[in-house]
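When the count follows our numbering, it moves up by one through the sequence shown with no breaks and lands on 406 for the last residue.
Glycine is no exception: its CB is placed at the ideal position from the N, C-alpha and C atoms.
It should be emphasised that the depicted structure is a prediction, and the values quoted were computed from it without experimental measurement.
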Amino acid sequence: MKNFKTLQLSNTYSDNEIAVGFQILNSAGIQTTFNDENIVLDFDVVDMKYIEKQQNKTKELLTNVLDELLKIRSFSSSNGKIVFKSFNKDKKVIGKKENKEKRLGYESFQRHFSEKNNDTPSRFLNKIHCVDSLVLLKQFPDNCIDLIVTSPPYNFGINYNNSNDVNLWDNYFEMLFNIFGECVRILKSGGRMIVNIQPLFSDYVPSHHLVSNFFIRQGLIWKGEIIWEKNNYNCKYCTWGSWQSPSSPYLKYSWEFIEIFCKNTLKKDGIKDDVDITADEFKKWVYAKWSIAPERKMKEYKHDAMFPEELVKRIIKLFSYQNNIVLDPFNGAGTTTKVARSLGRQFIGIDIDQSYCEIAENRLRETNSLFAQGEN
Ligand SMILES: C[S@@+](CC[C@H](N)C(=O)[O-])C[C@H]1O[C@@H](n2cnc3c(N)ncnc32)[C@H](O)[C@@H]1O
Numbered sequence: 031m032k033n034f035k036t037l038q039l040s041n042t043y044s045d046n047e048i049a050v051g052f053q054i055l056n057s058a059g060i061q062t063t064f065n066d067e068n069i070v071l072d073f074d075v076v077d078m079k080y081i082e083k084q085q086n087k088t089k090e091l092l093t094n095v096l097d098e099l100l101k102i103r104s105f106s107s108s109n110g111k112i113v114f115k116s117f118n119k120d121k122k123v124i125g126k127k128e129n130k131e132k133r134l135g136y137e138s139f140q141r142h143f144s145e146k147n148n149d150t151p152s153r154f155l156n157k158i159h160c161v162d163s164l165v166l167l168k169q170f171p172d173n174c175i176d177l178i179v180t181s182p183p184y185n186f187g188i189n190y191n192n193s194n195d196v197n198l199w200d201n202y203f204e205m206l207f208n209i210f211g212e213c214v215r216i217l218k219s220g221g222r223m224i225v226n227i228q229p230l231f232s233d234y235v236p237s238h239h240l241v242s243n244f245f246i247r248q249g250l251i252w253k254g255e256i257i258w259e260k261n262n263y264n265c266k267y268c269t270w271g272s273w274q275s276p277s278s279p280y281l282k283y284s285w286e287f288i289e290i291f292c293k294n295t296l297k298k299d300g301i302k303d304d305v306d307i308t309a310d311e312f313k314k315w316v317y318a319k320w321s322i323a324p325e326r327k328m329k330e331y332k333h334d335a336m337f338p339e340e341l342v343k344r345i346i347k348l349f350s351y352q353n354n355i356v357l358d359p360f361n362g363a364g365t366t367t368k369v370a371r372s373l374g375r376q377f378i379g380i381d382i383d384q385s386y387c388e389i390a391e392n393r394l395r396e397t398n399s400l401f402a403q404g405e406n
């Protein structure tokens with residue numbers, strides 16, 4: 031087995047398909063094992079022609095295996111069979127560490143902020159504040175928040191009760207970056223800034239890139255990007271731009287972006303007892319494409335642009351410890367504060383609109399009753 035090459039595929043097949051398919055693969059020279067999640071194939075010499083001939087005996091399994099085998103470039107042929115060589119080696123880049131040192135990585139853009147973290151004044155903690163974020167955040171000390179999770183107003187013209195959501199893009203970004211500048215300042219060393227943002231594709235303004243550029247220029251480290259797949263089928267069937275013509279086809283998106291930044295370091299210190307993510311959650315959520323349905327209760331909570339609780343739950347569990355302080359400067363109907371509270375984090379929610387703040391407070395009461403019932 032030592033010199034065999036190994037290929038792993040997700041197991042999405044029926045028992046019958048596996049039984050039939052494995053017999054054929056074994057006859058073609060491939061050793062097979064499987065569990066609920068994966069199929070593992072070990073091989074060095076494979077009779078591809080044999081698999082091709084039998085391909086129609088399973089619905090998809092053999093076709094998928096052939097596709098994967100054909101992606102392997104390092105092979106030769108002998109007696110009509112394919113001999114795979116150095117498959118496990120051919121993905122390796124030589125001198126990875128030295129190359130990284132030559133490029134310098136994120137340090138090229140990073141700024142070094144003070145490593146001294148401060149306490150958050152108790153008057154801000156575990157409350158919803160109805161005020162302009164810029165005004166309140168200026169009163170926070172430097173380096174006092176562990177995690178900021180937010181989705182800013184998008185400048186789409188959404189009907190927020192109290193704030194105008196259509197501005198010249200320049201004015202919009204000025205407002206946003208003033209508030210985000212304060213966020214950078216108040217984030218702890220080791221803290222994370224996580225922004226859910228949806229560009230207005232029809233204006234051809236890439237807000238997610240401009241926001242990322244802002245934080246990188248401020249000296250935060252870009253940790254990565256999560257694609258939030260909303261499976262929003264509506265967008266798949268209308269608005270084509272120039273129908274069936276290259277003149278100006280309109281690209282459509284059923285997803286939004288989650289941009290993640292760190293202050294000073296990628297690593298966040300915390301104690302083991304305060305970790306609450308399970309092994310299964312961790313395995314699933316580090317794969318940076320999350321399929322989550324949009325919030326269904328927007329009517330009930332009287333807010334037109336909410337993100338779903340599941341999205342915030344994943345962000346908070348993956349990027350913070352219990353008891354950490356989580357802040358949302360555009361808290362809307364209070365999704366962040368509700369989820370943070372129910373996950374045993376301290377929270378601060380700010381929104382300029384009184385009625386949204388009242389809804390956010392009501393939702394916090396729901397978590398109080400969850401706590402009372404011991405269900406969180
Ligand atoms: C996209 S919504 C956030 C919705 C929230 N994520 C939720 O799930 O309910 C943006 C929010 O920013 C608020 N907002 C706009 N300008 C603000 C400002 N200067 N300070 C505080 N909140 C502001 C709006 O009232 C709106 O509720």
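- Item | Alpha carbon of Q18 to alpha carbon of L37, nearest angstrom | Outside the displayed range of the chain (31 to 406) lies residue 18, so it cannot be described from this structure.
- Query: Expressed to the nearest angstrom, what Euclidean distance is found between the alpha-carbon atoms of A58 and E47?
  - Reply: Counting from one through the sequence shown, the residue named residue 58 turns up at place 28. Counting from one through the sequence shown, the residue named residue 47 turns up at place 17. Taking the straight line from one Cα to the other gives about 16 Å.
- In its own chain, which residues sit with a C-beta less than 7 Å from the C-beta of K157, not counting the 5 before and 5 after it? As a working mapping, residue 157 is identified with position 127 in the sequence shown. I378, listed in sequence order.
- Whole angstroms is fine: what's the gap from Q228's alpha carbon to F337's? Here residue 228 refers to the residue found at position 198 of the sequence shown. Here residue 337 refers to the residue found at position 307 of the sequence shown. Answer to the nearest angstrom: the Cα atoms are 11 Å apart.
- Message: Between F154 and S219, how many whole angstroms is the CB-CB distance? I'm expecting something under 8 Å.
- Response: One-based indexing of the sequence shown puts residue 154 at position 124. One-based indexing of the sequence shown puts residue 219 at position 189. Contact flag wrong, Cβ pair sits at about 19 Å.
- Over the uninterrupted alpha helix (DSSP H) stretch that includes E82, give me the two end residues. Here the question's residue 82 lines up with position 52 in the sequence shown. Per DSSP, E82 belongs to the alpha helix (DSSP H) from M78 to Q84.
- Task: Could you say which of D299, Y43 and V75 lies nearest to Y351 if we only look at CA atoms?
- Result: Translated into positions along the sequence shown, residue 351 becomes position 321. Nearest C-alpha to Y351: D299.
- Item | Cβ separation of L167 and I216, assumed to be a contact under 8 Å, to the nearest whole Å | As a position in the sequence shown, residue 167 is number 137, starting the count at 1. As a position in the sequence shown, residue 216 is number 186, starting the count at 1. Right, the Cβ-Cβ distance comes to about 6 Å (below 8 Å), so this counts as a contact.
- Message: In whole angstroms, give me the CA-to-CA distance for D149 and I175.
- Response: By 1-based counting over the sequence shown, the position of residue 149 is 119. By 1-based counting over the sequence shown, the position of residue 175 is 145. In a straight line, the C-alpha of D149 is about 8 Å away from that of I175.
- Task: Answer yes or no: do N361 and I380 have a C-beta to C-beta separation smaller than 7 Å?
- Result: Sequence index remark: in the sequence shown, residue 361 carries index 331 (1-based). Sequence index remark: in the sequence shown, residue 380 carries index 350 (1-based). Taking 7 Å as the Cβ cut-off, N361 and I380 qualify as a contacting pair.
- Same chain, Cβ closer than 7 Å to V241, neighbours up to 5 away in sequence not counted: Position 211 of the sequence shown holds residue 241. Only V225, I227 and E289 meet the Cβ criterion.
- Message: With H, G and I counted as helix, E and B as strand and the rest as coil, what does DSSP make of D310?
- Response: In the sequence shown, the residue the question calls residue 310 occupies position 280. Three-state DSSP puts D310 in a helix.
- Note down, one range per segment and in chain order, each alpha helix (DSSP H) of at least 4 residues found wholly within the region 199-269. 199-216, 237-248 and 264-267
- Task: Assign T308 to one of two classes, buried (16 or more other C-beta atoms within 10 Å of its C-beta) or exposed (fewer than that).
- Result: As a working mapping, residue 308 is identified with position 278 in the sequence shown. So T308 ends up on the exposed side.
- Query: At a cut-off of 6 Å, is D334 close to ligand 1 when judged by its beta-carbon and the heavy atoms of the ligand?
  - Reply: The residue you call residue 334 lines up with position 304 of the sequence shown. Result no, Cβ not under 6 Å from ligand 1.
- Helix or strand or just coil, what does DSSP make of T36? Along the sequence shown, read from residue 1 onward, the residue named residue 36 stands at position 6. Three-state result, T36: strand.
- Nearest-angstrom Cα distance between S237 and W199? Within the sequence shown, numbered from 1, the residue matching residue 237 stands at position 207. Within the sequence shown, numbered from 1, the residue matching residue 199 stands at position 169. Using only the alpha carbons, I get a separation of about 9 Å.
- Message: Let's see if you can read the secondary structure: which residues bound the beta strand (DSSP E) around V113?
- Response: Taking the first residue of the sequence shown as position 1, residue 113 is located at position 83. V113 -> beta strand (DSSP E) spans K111 to F114.
- Test item: CB-CB of S40 and P359 under 7 Å: Sequence index remark: in the sequence shown, residue 40 carries index 10 (1-based). Sequence index remark: in the sequence shown, residue 359 carries index 329 (1-based). No, they are not a contact pair.
- Task: Below 8 Å on the Cβ atoms is my guess for W258 versus L341; work out the distance and round it to an integer in Å.
- Result: Counted from its first residue, the sequence shown places residue 258 at position 228. Counted from its first residue, the sequence shown places residue 341 at position 311. Rounded, the Cβ-Cβ distance is 6 Å, consistent with contact.
- Exposure label - A370; buried when at least 16 CB within 10 Å: For this step, residue 370 is matched to residue 340 along the sequence shown. Counting C-beta atoms within 10 angstroms of its own C-beta, A370 has 16 or more neighbours from the protein chains shown and is therefore classed as buried.
- Item | Sheet register partners of F287 (DSSP bridge) | Counting from one through the sequence shown, the residue named residue 287 turns up at place 257. For F287, which the question treats as bridged, DSSP gives the partners I227 and I257.
- Give a single yes or no on whether F360 has its beta carbon closer than 6 Å to a heavy atom of ligand 1. Your numbering for residue 360 matches position 330 in the sequence shown. Yes - ligand 1 has a heavy atom lying nearer than 6 Å to the Cβ of F360.
- Message: Can you tell me where the beta strand (DSSP E) holding Q61 begins and where it ends?
- Response: Working through the sequence shown from its first residue, we reach residue 61 at position 31. Element bounds for Q61: Q61 to F64.
- Item | For T42, three-class secondary structure by DSSP | Taking the first residue of the sequence shown as position 1, residue 42 is located at position 12. Residue state, collapsed to three classes: coil.
- Query: Excluding the five sequence neighbours on either side, which residues of its own chain have a C-beta within less than 6 Å of the C-beta of C160, listed in chain order?
  - Reply: Counting from one through the sequence shown, the residue named residue 160 turns up at place 130. Contacts found: Q384 and C387.
- Query: Roughly how many whole angstroms lie between the Cα atoms of G404 and R395?
  - Reply: Reading the sequence shown from its first residue, position 374 is the one you call residue 404. Reading the sequence shown from its first residue, position 365 is the one you call residue 395. Residue confidence for G404 is low, a pLDDT of 46 falling below 50, so the modelled location carries little weight; the figure read from the coordinates is stated next. A direct Cα-Cα distance of roughly 14 Å separates G404 from R395.
- Report yes if the C-beta distance between V50 and K87 is below 7 Å; otherwise report no. As a position in the sequence shown, residue 50 is number 20, starting the count at 1. As a position in the sequence shown, residue 87 is number 57, starting the count at 1. Contact: yes.
- F349, DSSP secondary structure in three states: As a working mapping, residue 349 is identified with position 319 in the sequence shown. In the structure shown, F349 sits in a helix (DSSP, three-state: H, G or I).
- Task: Work out the CA separation of K83 and H333 for me, nearest whole Å.
- Result: For the purposes of this step, residue 333 is taken as the residue at position 303 of the sequence shown. For the purposes of this step, residue 83 is taken as the residue at position 53 of the sequence shown. Cα to Cα, H333 sits roughly 57 Å from K83.
- Query: Roughly how many whole angstroms lie between the Cα atoms of F245 and N65?
  - Reply: As a position in the sequence shown, residue 245 is number 215, starting the count at 1. As a position in the sequence shown, residue 65 is number 35, starting the count at 1. Distance between the alpha carbons of F245 and N65: 43 Å.
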